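Enquirer:
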Amino acid sequence: MVNQVVKAVKALKKGWIIAYPTDTAYGLGADPTDEKAVSKIFKIKGRTKEKSLPLIAANLAMVKKYGFLEGKALSLARKHWPGPLTLVVKATPLSKRIFSKHTLKNGKIAIRVPKSP
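For the sequence shown, the working numbering gives the first residue as 338, with consecutive numbering after it.
#1: Can you tell me which of G364, F405 and K433 puts its alpha carbon nearest to the alpha carbon of I393?
#2: With DSSP as the reference, label I381 as helix, strand or coil.
#3: In the DSSP output, which residue or residues are listed as bridge partners for I435?
#4: For A374, would you say it is in contact with chain D, using Cβ-to-Cβ distances shorter than 8 Å as the test?
#5: In three-state DSSP terms, what is P358?
#6: Taking the straight line between their C-alpha atoms, what separation do you get for D368 and L406?
#7: Excluding the 5 residues flanking L424 on each side, which residues of the same chain have their C-beta closer than 8 Å to its C-beta?
#8: Suppose you measure from the CA of K347 to the CA of G420; what does that come to, to the nearest Å?
#9: Terminal residues of the continuous alpha helix (DSSP H) containing L413?
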C-alpha cells in the first residue's frame, strides 16, 4: 500500500491524473495547485468548469488549513468523517492563494475526507 501511495504522489507532482478509491467509488485526482492537471480532470469527465471540484483531504486537521469549519459544518464533519460526506465551506486565505480557480467557487471550497483502504 505504501508503495502505491508513493507512486501516486510522484504522478501528481508530474502533473498526471490518478485514480484512487473512496468509500463510494473511484475518484480522479490531480494536484489542486496545478491548473493544467485540474483542467485535464474536467476534460476527462466532460464536466463544465462552472461546477467546481472537491478537495480531498486526509483528516480534519488538513481540512482546517483550507476551509473554515464552524457550527453545523464542524458537527457534521466530526460525525461523518471519514466518510461519504462533502461539505462546502468558506475557503481560507491559503486556499484562495494556492488552489486552482476550479477548486474554489464564490470564495467557498467543497471538501471531503473519504474513508480510504
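Glycine residues also receive a C-beta, built at the ideal position from the N, C-alpha and C atoms.
None of these values were measured; they are calculated from a predicted model.
Expert: According to the structure shown:
#1: Numbered from 1 along the sequence shown, position 56 holds the residue referred to as residue 393. With distances taken between Cα atoms, I393 lies closest to G364.
#2: For the purposes of this step, residue 381 is taken as the residue at position 44 of the sequence shown. In this structure, I381 counts as helix in the three-state DSSP scheme.
#3: Within the sequence shown, the letter at position 98 stands for residue 435. In DSSP, I435 forms no bridge with anything.
#4: The structure shown contains no chain D, having only a single protein chain.
#5: Residue 358 sits at position 21 when you count from the first residue of the sequence shown. Three-state DSSP puts P358 in a strand.
#6: Taking the sequence shown and counting its residues from 1, the one referred to as residue 368 is at position 31. Taking the sequence shown and counting its residues from 1, the one referred to as residue 406 is at position 69. Looking at the two C-alpha atoms, the distance is approximately 22 Å.
#7: Here residue 424 corresponds to residue number 87 of the sequence shown, with the count starting at 1. These residues qualify, in order along the chain: G404, L406, A410, L413, A414, A447, I448 and R449.
#8: For the purposes of this step, residue 347 is taken as the residue at position 10 of the sequence shown. For the purposes of this step, residue 420 is taken as the residue at position 83 of the sequence shown. Taking the straight line joining both Cα atoms gives about 26 Å.
#9: In the sequence shown, counting from the first residue as 1, residue 413 sits at position 76. Its alpha helix (DSSP H) spans residues G408 to H417.
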